[in-house]
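Novice: Dropping a structure here in structure tokens format, bear with me for questions.
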Amino acid sequence: MCEKCKGNYYITTPIYYPSSNLHIGHAYCTVATDAMARYKRLQGYNVKFLTGTDEHGQKIEDKAKEAGCTPQQFVDNIVLGEKGVLDLWKLMNISYDRFIRTTDDYHVAAIQKIFKRMYDNGDIYKGSYKGKYCKPCESFWTESQLKDGKCPDCGREVMDAEEEAYFFRLSKYADRIQDLLENTDFLEPRSRVNEMVNNFIKPGLEDLCVSRTSFTWGVPVDFDPGHVVYVWIDALFNYMTALGFENDKHTDLADFWPADVHFVGKEIVRFHSIIWPAMLMSLNLPLPKKVFGHGWLNFNGEKMSKSRGNVVDPYLLSERFGVDALRFFLLRTFPFGSDGNFTNEMLISTINVDLANDLGNLVSRTVAMAQKYFGEHLPAQQLANPEMDAELVGLVSGLQAKYQESMEHFAFQNALGDIFKVISRANKYIDENAPWVLAKDEANKPRLARVLYNLLETVRVCAGLLTPFMPATSAEIAVRLGGAPMDWDSLGTYGLLKADVAPVAGAPLFPRIDMEKELAALEELSKANQKPAIEIEPYAEETVDFDTFCKSDFRAVKVKDCQNVKKSNKLLQFTLDDGTGTDRQILSGIAQFYKPEELIGKTLIAITNLPPRKMMGRESCGMLISAVHSVNGEEKLNLIMVDDAIPAGAKLC
Ligand code: MSP
1470 MCEKCKGNYY ITTPIYYPSS NLHIGHAYCT VATDAMARYK RLQGYNVKFL
1520 TGTDEHGQKI EDKAKEAGCT PQQFVDNIVL GEKGVLDLWK LMNISYDRFI
1570 RTTDDYHVAA IQKIFKRMYD NGDIYKGSYK GKYCKPCESF WTESQLKDGK
1620 CPDCGREVMD AEEEAYFFRL SKYADRIQDL LENTDFLEPR SRVNEMVNNF
1670 IKPGLEDLCV SRTSFTWGVP VDFDPGHVVY VWIDALFNYM TALGFENDKH
1720 TDLADFWPAD VHFVGKEIVR FHSIIWPAML MSLNLPLPKK VFGHGWLNFN
1770 GEKMSKSRGN VVDPYLLSER FGVDALRFFL LRTFPFGSDG NFTNEMLIST
1820 INVDLANDLG NLVSRTVAMA QKYFGEHLPA QQLANPEMDA ELVGLVSGLQ
1870 AKYQESMEHF AFQNALGDIF KVISRANKYI DENAPWVLAK DEANKPRLAR
1920 VLYNLLETVR VCAGLLTPFM PATSAEIAVR LGGAPMDWDS LGTYGLLKAD
1970 VAPVAGAPLF PRIDMEKELA ALEELSKANQ KPAIEIEPYA EETVDFDTFC
2020 KSDFRAVKVK DCQNVKKSNK LLQFTLDDGT GTDRQILSGI AQFYKPEELI
2070 GKTLIAITNL PPRKMMGRES CGMLISAVHS VNGEEKLNLI MVDDAIPAGA
2120 KLC
């Protein structure tokens, strides 16, 4: 630790599943962690901010198979590829110090040693597993833990599972965990403690199945081939392997463990507040100081999910509104411990009200007035008016302490709320003091200078405290205030801006957004971005021998006439020229896809040597060939049409 530092501070985000690209819900936790990390750095702590990706498990193995690549290629693409996880954190200005991938060699080797240590100390033993498995969550459940027969976390169907497996003696730690949760501040917010104790500990903690044999994409149990380590053991220990636990790649375990806080989403609190401390207890390791379970962001009242097509793209939002505005919105609007409902209206209105109107206006009006009335810099001769100034000066002077109180409790919304109360008060102070009236009389210049100084000083302190949330904006404001100090100590003291400050004008920080136009544009973009879910028929497993295939007589046929069949809303009756000189009749159940008149004159493909068949009392001699698939669950059909230059009767071979 450096001499000047206040101490070390270790903060983590969950490591993300690279099973598909991340959405704004994922960015929420990372932005919060980043704000906290930056706040601690601002205070003078030596911060280690860890994030990363959790790359093993059946879900990834299945997705890679679907995509036709290896699991490693699949995760590499989502982590390192264009608009992947690393790109996203760069875009969102996430100041992580270390990024771990659970496929990193050092982590894999460390997990093997950790598993073996718990096996050797008797906390991991071999048994056989019978139960229910939720594939998307990679979670095993007992019958009693299911909710209406479905996964209690995600509500999806579970499947029966039985396999030889290793178990972790979680039950052994039940009392110690309950004590930890109930009698310390290990888990916050407090409401999550009741949830854990009542839903998981009181009904009885069962031993946890910690190995799998049904898939291979995981850390192999090195002393028992065929088993891979349960993905949550692999994942949770990332917080320590990333510092050098059981490996030589890193060497800062002694400096940073135990972690000061793990930020995690509410659905993974169970893993972090029960399983994680129990495993650490098993290895006699210090427990993290705190786990904070934040709420979920929903979108327009629904859970964000790719299948519902409502996932908000952080790239698109950052491009349109700017990264700082987006970061700010996420932490200003939703209390960190509770669920929040993301809407585009709220995003735009927060930008317009807080950033364009309140902050942006305060900065641009103040700088513009200072330049207009005094030219390059304010005069040092200034006249205070305690009666007019006391409230604003008092608010600004006390802001850091209030802010700190909220930040220490991860109450980002309150910290920002306090800053914006001061900003509003400053805008009111402009109206009360009417600088444009003071400017009319030369004798009022010292007073005018002090009014503008108070405003600039307010901006300095507010912008400085906004640094963890909007780093680029705060840096820009520091420039506009002529290079004002924004270090932690200076933000707690009123009056540190030089009296003869030379402010610098610039473009509006946050231009106002036309709500209606922007919503319409977003709607259009989201439609254009939504990839239709195309499904194709499964391929036949049975093979056809070549001679049998060659017996099929495919011919080009020209449509001479086409009619709807009375009393059928499915059938079309085709009269076809098949090159023989005698018309061929084929009936086809495609009336919902084509109007008869649009097919007349077209050249189609028919298989002609099927035995004739009666349909609605009419004979059909063959079958027209079409392509079928479905889009968003809706069936689609296209007749195969060929070049009209192909004569009727031409054989396909
Ligand atoms: N891989 C595990 C974490 C292992 S940590 C040892 C995992 N990954 S995840 O990618 O599915 O989720 C990562 C984090 O994103 C979780 O904390 C989860 O709560 C959070 N979120 C995912 N969708 C979210 C919202 N819609 N809103 C807020 N957070 C959300 O879980």
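Whatever position you read off the sequence shown (first residue = 1), add 1469 for this note's numbering. In this text, a Cβ means the ideal position worked out from N, Cα and C, and glycines have one as well. No experiment lies behind these values; they were computed from the predicted model shown.
(1) Please find out if some non-hydrogen atom of the ligand MSP comes closer than 8 Å to the beta-carbon of W1726.
(2) Roughly how many angstroms lie between the CA atoms of I1480 and H1696, to the nearest whole one?
(3) Pull up the CB-CB distance for N1707 and G1521, whole angstroms please, since I reckon it's below 8 Å.
(4) Would you decide whether N1821 is buried or exposed? Buried here means 16 or more other CB atoms lie within 10 Å of its CB.
(5) Does the distance from the C-beta atom of A1747 to that of I1646 stay below 9 Å?
(6) For a test of your reading of the model: does the CB of G1806 fall under 8 Å from any non-hydrogen atom of the ligand MSP? Yes or no.
(7) Taking DSSP as the reference, what is the three-state secondary structure of M1838?
(8) My output table needs one value for K1735: the three-state DSSP class, helix, strand or coil.
(9) Closest to N1767 by CA distance: which of C2122, L1519 and A1496 is it?
(10) Can you tell which of P2065, K2064 and I2059 has its C-alpha closest to the C-alpha of M2092?
(11) With respect to 8 Å, is the separation between the Cβ of Y1764 and the closest non-hydrogen atom of the ligand MSP below this value?
(12) Is I1670 near the ligand MSP, in the sense that its beta carbon is under 8 Å from a heavy atom of that ligand?
(13) How about D1523: is its Cβ closer than 8 Å to a heavy atom in the ligand MSP?
(14) Who does K1599 pair with in a DSSP beta bridge?
(15) If you pair each beta-carbon of the region 1568-1588 with each one of the region 1600-1607, do three or more pairs fall below 8 Å?
(16) Between which two residues does the alpha helix (DSSP H) harbouring S1893 extend?
(17) Any contact between the region 1681-1692 and the region 1632-1647? By contact I mean 3 or more CB pairs, one from each, below 8 Å.
(18) Leaving out five residues on either side along the sequence, give the residues of the same chain with a beta carbon under 6 Å from the beta carbon of D1523.
(19) Going straight from the alpha carbon of A1903 to that of K1914, what length do you get?
(20) Assess, as a yes-or-no matter, whether the region 1549-1565 is touched by the region 1723-1738 under the definition of 3 or more beta carbon pairs within less than 8 Å.
(21) Closer than 8 Å to a non-hydrogen atom of the ligand MSP - does that hold for the CB of C2122?
(22) Pop quiz: F1655 and L1756 are said to be a contact at Cβ under 8 Å. What is the actual Cβ separation, rounded to whole angstroms?
(23) Under 8 Å, with one C-beta from each stretch per pair, do the region 2034-2042 and the region 2004-2019 reach the 3-pair mark?
(24) Among the candidates M1628, I1892, G1596 and Y1594, whose CA atom is the shortest distance from the CA of C1606?
(25) May I have a chain-ordered list of the alpha helix (DSSP H) segments no shorter than 4 residues that lie completely inside the region 1956-2030?
(26) A1990: buried (16+ other C-beta within 10 angstroms of its C-beta) or exposed?
(27) So is W1610 buried or exposed if we call it buried at 16+ other beta carbons inside 10 Å?
(28) From L2121 to G1618, what distance separates their C-alpha atoms?
(29) Terminal residues of the continuous alpha helix (DSSP H) containing G1863?
(30) Compare the C-alpha of I2076 against each of W1905, F2062, D1858 and L2056 and name the closest.
(31) Following a CB-centred definition, is L2108 positioned closer than 8 Å to any heavy atom of the ligand MSP?
(32) Shorter than 8 Å, the distance from the beta carbon of C1623 to the closest heavy atom of the ligand MSP, or not?
(33) Ignoring anything shorter than 4 residues, give me the alpha helix (DSSP H) runs that lie fully in the region 1687-1734, in order along the chain.
(34) Which first and last residues belong to the alpha helix (DSSP H) in which T2127 is found?
(35) Within the same chain, show all residues whose beta-carbon is closer than 6 Å to that of I1702, passing over the 5 residues directly before and after it, in chain order.
(36) Given a threshold of 16 other Cβ atoms within 10 Å of its Cβ, counted over all protein chains shown, does K1595 qualify as buried or as exposed?
Specialist: Quick look at the numbers:
(1) On the sequence shown, position 257 is the one that residue 1726 refers to. Outside the cutoff, so no.
(2) In the sequence shown, counting from the first residue as 1, residue 1480 sits at position 11. In the sequence shown, counting from the first residue as 1, residue 1696 sits at position 227. In this structure, the alpha-carbon of I1480 lies about 32 Å from that of H1696.
(3) Looking up residue 1707 in the sequence shown gives position 238. Looking up residue 1521 in the sequence shown gives position 52. The pair is a contact, with the Cβ atoms about 6 Å apart (cut-off 8 Å).
(4) Position 352 of the sequence shown holds residue 1821. Buried, because 16 or more other Cβ atoms sit within 10 Å of the Cβ of N1821.
(5) As a working note, residue 1747 is residue 278 in the sequence shown. As a working note, residue 1646 is residue 177 in the sequence shown. It is a contact, given that the beta carbons lie within the stated cut-off.
(6) Mapped onto the sequence shown, residue 1806 falls at position 337. No, since every heavy atom of the ligand MSP falls outside the 8 Å radius drawn around the Cβ of G1806.
(7) Along the sequence shown, one-based indexing puts residue 1838 at 369. Here M1838 sits in helix by DSSP.
(8) Here the question's residue 1735 lines up with position 266 in the sequence shown. In this structure, K1735 counts as helix in the three-state DSSP scheme.
(9) Taking the first residue of the sequence shown as 1, we reach residue 1767 at position 298. The option with the nearest alpha carbon to N1767 is A1496.
(10) On the sequence shown, residue 2092 is found 623 positions in, with the first residue counted as 1. In terms of CA proximity to M2092, I2059 leads the group P2065, K2064 and I2059.
(11) Counting from 1 along the sequence shown, the entry for residue 1764 is found at position 295. Sequence inspection shows Gly at residue 1764; the Tyr mentioned does not correspond to that position. Under cutoff, so the answer is yes.
(12) Position 201 of the sequence shown holds residue 1670. When distances are taken from the beta-carbon of I1670 to the heavy atoms of the ligand MSP, even the shortest one reaches 8 Å or more.
(13) Taking the sequence shown and counting its residues from 1, the one referred to as residue 1523 is at position 54. Yes, since a heavy atom of the ligand MSP falls inside the 8 Å radius drawn around the Cβ of D1523.
(14) As a working note, residue 1599 is residue 130 in the sequence shown. K1599 pairs with E1631.
(15) Three or more beta-carbon pairs separated by less than 8 Å are not found between the region 1568-1588 and the region 1600-1607, which leaves the two stretches without contact.
(16) In the sequence shown, residue 1893 corresponds to position 424, counting from 1. Counting along the chain, the alpha helix (DSSP H) containing S1893 begins and ends at F1881 to N1902.
(17) Contact holds: three or more Cβ-Cβ distances are below 8 Å.
(18) As a working mapping, residue 1523 is identified with position 54 in the sequence shown. Contacts found: I1484, Y1486, T1571 and A1704.
(19) Along the sequence shown, read from residue 1 onward, the residue named residue 1903 stands at position 434. Along the sequence shown, read from residue 1 onward, the residue named residue 1914 stands at position 445. Distance between the alpha carbons of A1903 and K1914 is about 13 Å.
(20) No, they do not touch.
(21) Here residue 2122 refers to the residue found at position 653 when the sequence shown is read from its first residue. Taking non-hydrogen atoms of the ligand MSP into account, the C-beta of C2122 is found less than 8 Å away from none of them.
(22) Position 186 of the sequence shown, counting from 1, holds the residue named residue 1655. Position 287 of the sequence shown, counting from 1, holds the residue named residue 1756. Between L1756 and F1655 the Cβ distance is about 7 Å, and since that is below 8 Å, they are a contact.
(23) Not touching, per the Cβ criterion.
(24) Against the sequence shown, residue 1606 aligns to sequence position 137. Ranking the options by Cα distance to C1606, first place goes to M1628.
(25) For the region 1956-2030, whole alpha helix (DSSP H) runs of length 4 or above, ordered along the chain, are 1957-1960, 1984-1998 and 2015-2019.
(26) For the purposes of this step, residue 1990 is taken as the residue at position 521 of the sequence shown. Counting other Cβ atoms within 10 Å of its Cβ, A1990 stays below 16 and is therefore classed as exposed.
(27) As a position in the sequence shown, residue 1610 is number 141, starting the count at 1. Under this definition W1610 is a buried residue.
(28) As a working note, residue 2121 is residue 652 in the sequence shown. As a working note, residue 1618 is residue 149 in the sequence shown. Each residue's Cα considered, the two are about 53 Å apart.
(29) Taking the sequence shown and counting its residues from 1, one reaches residue 1863 at position 394. It spans P1855 to E1877 - the alpha helix (DSSP H) in which G1863 sits, taken as one unbroken run.
(30) Within the sequence shown, numbered from 1, the residue matching residue 2076 stands at position 607. Of the candidates W1905, F2062, D1858 and L2056, the residue whose Cα lies closest to the Cα of I2076 is L2056.
(31) Numbered from its first residue, the sequence shown carries residue 2108 at position 639. Because no heavy atom of the ligand MSP lies under 8 Å away, the Cβ of L2108 does not count as near it: no.
(32) Position 154 of the sequence shown holds residue 1623. Because no heavy atom of the ligand MSP lies under 8 Å away, the Cβ of C1623 does not count as near it: no.
(33) Runs found: 1700-1705, 1707-1710 and 1722-1725.
(34) The structure shown does not extend to residue 2127, since the chain is modelled only from 1470 through 2122, so no value can be given for it.
(35) Looking up residue 1702 in the sequence shown gives position 233. Counting only Cβ-Cβ distances below 6 Å, and skipping sequence neighbours, we find V1679.
(36) Walking along the sequence shown from the start, residue 1595 turns up at place 126. By the C-beta density criterion, K1595 is exposed, having fewer than 16 other C-beta atoms within 10 angstroms.
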